[in-house]
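Okay, structure first, notes after.
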Amino acid sequence: MILSHFYQDEEIQDIADFVGDSLDLSKKAANTTCDIIVFCGVKFMAEVAKILSPQKKVILPDIRAGCSLEESCPPKKFKVFKELHPEHTVVSYINCSAEIKSMSDIIVTSSNAERIIKSFPLKEKIIFAPDKHLGRYLNKVTGRNMLLWDGSCVVHETFSEKEIVKLKIRNEDAEIISHPECPEVILNKSNFIGSTSALLNYITKSKTNKFIIATEPHIIHQMKKIEPNKIFISAPGSNGDCSCTNCPFMELNTLEKLKDCLLKVNPEIYLDEQLMINAKKPLIKMLKLS
Ligand code: CIZ
Numbered sequence: 035m036i037l038s039h040f041y042q043d044e045e046i047q048d049i050a051d052f053v054g055d056s057l058d059l060s061k062k063a064a065n066t067t068c069d070i071i072v073f074c075g076v077k078f079m080a081e082v083a084k085i086l087s088p089q090k091k092v093i094l095p096d097i098r099a100g101c102s103l104e105e106s107c108p109p110k111k112f113k114v115f116k117e118l119h120p121e122h123t124v125v126s127y128i129n130c131s132a133e134i135k136s137m138s139d140i141i142v143t144s145s146n147a148e149r150i151i152k153s154f155p156l157k158e159k160i161i162f163a164p165d166k167h168l169g170r171y172l173n174k175v176t177g178r179n180m181l182l183w184d185g186s187c188v189v190h191e192t193f194s195e196k197e198i199v200k201l202k203i204r205n206e207d208a209e210i211i212s213h214p215e216c217p218e219v220i221l222n223k224s225n226f227i228g229s230t231s232a233l234l235n236y237i238t239k240s241k242t243n244k245f246i247i248a249t250e251p252h253i254i255h256q257m258k259k260i261e262p263n264k265i266f267i268s269a270p271g272s273n274g275d276c277s278c279t280n281c282p283f284m285e286l287n288t289l290e291k292l293k294d295c296l297l298k299v300n301p302e303i304y305l306d307e308q309l310m311i312n313a314k315k316p317l318i319k320m321l322k323l324s
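If you want the working numbering, it's the 1-based position in the sequence shown plus 34.
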């Protein structure tokens with residue numbers, strides 16, 4: 035089964051058996067009867083597939099496809115931080131390493147984070163890692179005061195408030211729709227904030243015909259399929275250009291490498307067995323609450 039994230043190149047999305055966000059992709063990985071899962075996304079997503087289906091082979095086109103959020107939360111430093119706050123529940127965004135997952139009480143994705151955090155009592159002390167922007171947004175919408183790890187995503191940090199405002203002036207009829215991994219200044223300018231799946235639902239629900247999209251621009255491929263008559267403009271970075279907001283890690287996976295990995299059934303994801311057992315528990319809790 036070939037799984038592709040919304041942030042992958044168009045031609046990869048088009049040949050995948052299923053295209054989705056990390057929540058839907060992890061559900062597919064957990065439930066498929068196929069022996070081999072080809073994960074076109076970044077490595078932590080392929081690791082989630084392996085953790086949920088350890089008996090299956092999980093391969094991805096380029097094993098170097100990492101994630102800046104994962105990099106921004108080194109397990110050794112996080113362990114020290116967690117030990118300084120022993121009375122806190124650890125809620126981790128799925129964009130993290132298997133080691134961070136194994137130290138977490140529950141995992142969330144951007145599509146279920148608000149609901150899962152609201153399921154905790156208001157007085158629950160919570161650490162949220164690794165994305166500080168998503169964490170700040172979640173604190174606002176859930177009325178919590180979670181302790182935030184200082185991580186961020188290179189793609190969502192690249193959007194420029196000034197350039198987005200200039201673009202909006204030239205496109206007054208457009209709505210700005212943003213992913214909650216964006217910095218607060220971008221979210222404050224947005225008409226709608228949501229996960230990739232929520233953004234895809236919103237473009238149909240909204241009566242607007244033009245949108246400025248502040249998330250990884252390859253999602254626009256799915257938007258055009260759903261609403262071929264609407265206009266989607268990728269939000270720019272500080273040079274006024276949009277191409278600088280492509281995810282450099284997702285881009286490592288190419289159609290050519292996908293072909294090679296199908297032929298060679300390699301590179302394969304390998305994880306320590308105990309690590310998989312420990313990382314699976316908070317993932318299963320998430321799936322039960324989703
Ligand atoms: O959870 C995911 O798949 C990511 C990275 C973004 C989103 O909002 O779906």
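Note that CB positions come from ideal geometry on N, CA and C, so glycine has one too.
Is the region 81–92 close to the region 300–308, with three or more CB pairs under 8 Å?
Touching, per the Cβ criterion.
Assuming S186 and H167 are in contact, meaning their beta carbons sit under 8 Å apart, how far apart are those beta carbons, in whole angstroms?
Taking the sequence shown and counting its residues from 1, the one referred to as residue 186 is at position 152. Taking the sequence shown and counting its residues from 1, the one referred to as residue 167 is at position 133. Contact flag correct, Cβ pair sits at about 6 Å.
Reducing DSSP to helix, strand and coil, say where V76 ends up.
Locating residue 76 in the sequence shown gives position 42, counting from the first residue. Reduced to three states, the DSSP call for V76 is coil.
Would C130 and P164 be called neighbours here (beta carbons separated by less than 8 Å)?
The count along the sequence shown starts at 1 and reaches residue 130 at position 96. The count along the sequence shown starts at 1 and reaches residue 164 at position 130. Yes, they are a contact pair.
Express the C-alpha separation of T238 and H213 in angstroms, rounding to a whole number.
Taking the sequence shown and counting its residues from 1, the one referred to as residue 213 is at position 179. Taking the sequence shown and counting its residues from 1, the one referred to as residue 238 is at position 204. Those two C-alpha atoms are separated by around 17 Å.
Could you tell me if the beta carbon of T279 falls within a distance shorter than 7 Å of some heavy atom in the ligand CIZ?
Working through the sequence shown from its first residue, we reach residue 279 at position 245. No, the beta carbon of T279 sits no closer than 7 Å to any heavy atom of the ligand CIZ.
The alpha helix (DSSP H) that contains H255, what's its start and end?
Along the sequence shown, one-based indexing puts residue 255 at 221. Start and end: 254–260.
Among F52, L172, S102, K152, whose alpha-carbon lies nearest the alpha-carbon of I227?
The residue given as residue 227 occupies position 193 in the sequence shown. When each option's Cα is compared against that of I227, the closest is L172.
Might you give, ordered along the chain, the residues of its own chain that have their beta carbon closer than 6 Å to the beta carbon of E133, omitting 5 neighbours on each side?
Along the sequence shown, read from residue 1 onward, the residue named residue 133 stands at position 99. So the qualifying residues of the chain are P109.
Taking the CB atoms as reference points, tell me whether P316 and D207 lie closer together than 8 Å.
On the sequence shown, position 282 is the one that residue 316 refers to. On the sequence shown, position 173 is the one that residue 207 refers to. Going by C-beta atoms, P316 is not nearer than 8 Å to D207.
Can you have a look at Q256 and say buried or exposed, based on whether 16 or more other CB atoms are within 10 angstroms of its CB?
Indexing the sequence shown from 1 puts residue 256 at position 222. So Q256 ends up on the buried side.
Any residues whose CB sits closer than 5 Å to a heavy atom of the ligand FAD? List them in chain order?
You won't find the ligand FAD in this model; what it holds is the ligand CIZ.
Note down, one range per segment and in chain order, each alpha helix (DSSP H) of at least 4 residues found wholly within the region 115–168.
Here the runs fully enclosed are 132–136, 147–152.
How many Å lie between L286 and I220 at the Cα?
Within the sequence shown, the letter at position 252 stands for residue 286. Within the sequence shown, the letter at position 186 stands for residue 220. Distance between the alpha carbons of L286 and I220 is about 27 Å.
Kindly confirm or deny that the region 245–255 and the region 196–210 touch, where touching means at least three C-beta pairs closer than 8 Å.
Contact between the region 245–255 and the region 196–210 is present, because at least three Cβ pairs lie under 8 Å.
In angstroms, rounded to a whole number, what distance separates the CA positions of D96 and S102?
Translated into positions along the sequence shown, residue 96 becomes position 62. Translated into positions along the sequence shown, residue 102 becomes position 68. Going by the C-alpha atoms only, they are around 16 Å apart.
Under 8 Å between the Cβ atoms of H252 and E44?
Position 218 of the sequence shown, counted from the first residue, corresponds to residue 252. Position 10 of the sequence shown, counted from the first residue, corresponds to residue 44. Going by C-beta atoms, H252 is nearer than 8 Å to E44.
Starting from I93 and walking both ways along the beta strand (DSSP E), at which residues does that stretch end?
Position 59 of the sequence shown, counted from the first residue, corresponds to residue 93. 91–93 is the extent of the beta strand (DSSP E) around I93.
For E250, does the three-state DSSP call read helix, strand or coil?
For this step, residue 250 is matched to residue 216 along the sequence shown. In this structure, E250 counts as coil in the three-state DSSP scheme.
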